[in-house]
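Numbering (the numbering used here), first residue to last: 16 to 287. Working notes, beginning with the structure itself.
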């Protein structure tokens, strides 16, 4: 969130809001938030232990509330510092939604959503620049992944129709319909019990069945799945070649210069 939000602090921003933004986006504050997130992760994990909750339940609930309070204060500080520009950053919106979910009442129809408070741990993605870069690479790779998924969908459908036509009568549980064939083929693609669980029993009835399944594994597992990895790696390499522009100090200086220029402009207009 650093550079986009700090660049949005233009000439009309008050000095105290600029200082507030500098403080909340500083390294000390960010490290503190990371520490709180990690502590909250440990607390949420311990709360799943029923025996531990019998003895340390109040303490763990208290720590969870303290962590939540810190997150709320952080969001409020950012809202004060950035005001309407707070919503211009997708990372800010994500943080707000995650924290808001944790504020839902523990009883009533919305109580089930309290389980989603574990998503607070995903705030590490918004705090650490390295993780933000990985997420950005994944999002940028989605169009390319869409093409690979289309190829996989067509290939899976053709294979499902073929296996249903060939093996439905003898193995209705695995290939009795297109849906069952798709599920069985997905299991084969993941190599989870594909040999002893599906392929060998089929080959006992149809010895030539390997002519169907072996090419399927080679294409689906070793070719198409590697295309997913290739697209993401290629996108991350492209992003790594882009110049780093995450220098907050420079952005703050530019924001102050813009503020000073606006003040000088107002003085000149008054002088006229």
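Ideal Cβ placement from N, Cα and C applies to all residues, glycine included. It should be emphasised that the depicted structure is a prediction, and the values quoted were computed from it without experimental measurement.
Buried/exposed call for residue i, threshold 16 Cβ in 10 Å
| i | result |
| --- | --- |
| residue 46 | exposed |
| residue 199 | buried |
| residue 51 | buried |
| residue 65 | exposed |
| residue 103 | exposed |
| residue 5 | Lying before the first or after the last residue shown, residue 5 is absent from the chain, which here runs from 16 to 287. |
| residue 88 | exposed |
| residue 237 | exposed |
| residue 40 | buried |
| residue 213 | buried |
| residue 48 | buried |
| residue 16 | Below a pLDDT of 50, predicted positions are generally treated as unreliable, and residue 16, at 48, falls in that range; the measurement from the model is reported next regardless. Per the 10 Å Cβ criterion, buried. |
For residue j and residue i, believed in contact at Cβ under 8 Å, the rounded distance
| i | j | result |
| --- | --- | --- |
| residue 138 | residue 184 | With 8 Å as the limit, residue 138 and residue 184 do not qualify as a contact, their Cβ atoms being about 54 Å apart. |
| residue 224 | residue 217 | 5 Å |
| residue 178 | residue 196 | 5 Å |
| residue 117 | residue 83 | 5 Å |
| residue 141 | residue 148 | The Cβ separation is near 12 Å, so there is no contact. |
| residue 53 | residue 96 | Contact flag wrong, Cβ pair sits at about 25 Å. |
| residue 203 | residue 228 | 6 Å |
Alpha carbon of residue i to alpha carbon of residue j, nearest angstrom
| i | j | result |
| --- | --- | --- |
| residue 38 | residue 44 | 7 Å |
| residue 247 | residue 254 | 11 Å |
| residue 134 | residue 158 | 26 Å |
| residue 69 | residue 132 | 21 Å |
| residue 57 | residue 143 | 18 Å |
| residue 154 | residue 239 | 19 Å |
| residue 112 | residue 251 | 27 Å |
| residue 75 | residue 171 | 48 Å |
| residue 242 | residue 163 | 7 Å |
| residue 67 | residue 136 | 21 Å |
| residue 59 | residue 150 | 24 Å |
| residue 222 | residue 256 | 52 Å |
| residue 115 | residue 92 | 15 Å |
| residue 79 | residue 107 | 21 Å |
| residue 190 | residue 182 | 6 Å |
| residue 101 | residue 55 | 24 Å |
| residue 63 | residue 169 | 42 Å |
| residue 210 | residue 180 | 20 Å |
| residue 86 | residue 31 | 21 Å |
| residue 269 | residue 81 | With a pLDDT of only 48 at residue 269, under 50, the local geometry of the prediction cannot be trusted, and no value is derived from it. |
| residue 201 | residue 220 | 21 Å |
| residue 207 | residue 249 | 28 Å |
| residue 205 | residue 167 | 14 Å |
| residue 98 | residue 119 | 24 Å |
| residue 174 | residue 145 | 40 Å |
| residue 33 | residue 105 | 20 Å |
| residue 194 | residue 165 | 18 Å |
| residue 156 | residue 186 | 39 Å |
| residue 73 | residue 61 | 12 Å |
| residue 188 | residue 235 | 22 Å |
| residue 152 | residue 215 | 41 Å |
| residue 226 | residue 42 | 59 Å |
| residue 260 | residue 71 | Bear in mind that a pLDDT of 49 at residue 260, under 50, signals an unreliable position, so the number given afterwards is only what the model happens to contain. Those two C-alpha atoms are separated by around 46 Å. |
| residue 77 | residue 90 | 20 Å |
| residue 176 | residue 94 | 55 Å |
Hey, which unbroken runs of the alpha helix (DSSP H) at 4 residues or more fall wholly within the stretch 84-157?
Unbroken alpha helix (DSSP H) stretches of 4 residues or longer found wholly inside the stretch 84-157: 105-117 and 139-142, given in chain order.
List in chain order: all unbroken alpha helix (DSSP H) runs of 4+ residues lying wholly within the stretch 42-74.
Counting only runs of 4 or more, we get 42-61.
Curious, which full-length alpha helix (DSSP H) runs of at least 4 residues does the stretch 179-206 contain?
You should have 187-190 and 193-204.
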